[in-house]
Amino acid sequence: MNSLPDSAGDARRAWLCGVQEALNPLQSDFEKSLAWRLTLVVAVVVITINVLAAPPVSPPKIHTPIRSTV
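Residue numbering for the sequence shown follows our numbering, beginning at 30 and increasing consecutively.
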């Protein structure tokens, strides 16, 4: 079987290789955004407050006599 002549085959292959090499995954700038930084600051503040806060005081246990019902 004879193949069809392709006058632009080499140029097309070179273009396709160039296009495929140029597609690098783009890095997100989300880590540099103000919303992300504020979220981290708020999280650090909340964690610090929870760590440094005094433990909750439990009310003293009061013994109440149980009255029997008849």
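Glycine included, each C-beta is placed from N, C-alpha and C at the ideal position.
Can you tell me which of the three DSSP states L55 falls into? Walking along the sequence shown from the start, residue 55 turns up at place 26. Coil at L55, not helix or strand.
Straight-line CA distance for V80 to V74? Walking along the sequence shown from the start, residue 80 turns up at place 51. Walking along the sequence shown from the start, residue 74 turns up at place 45. If I take the Cα positions, the gap works out to 10 Å.
Straight-line gap, D35 to E50 (C-alpha atoms, nearest Å): Working through the sequence shown from its first residue, we reach residue 35 at position 6. Working through the sequence shown from its first residue, we reach residue 50 at position 21. Near 24 Å, if we compare the C-alpha coordinates of E50 and D35.
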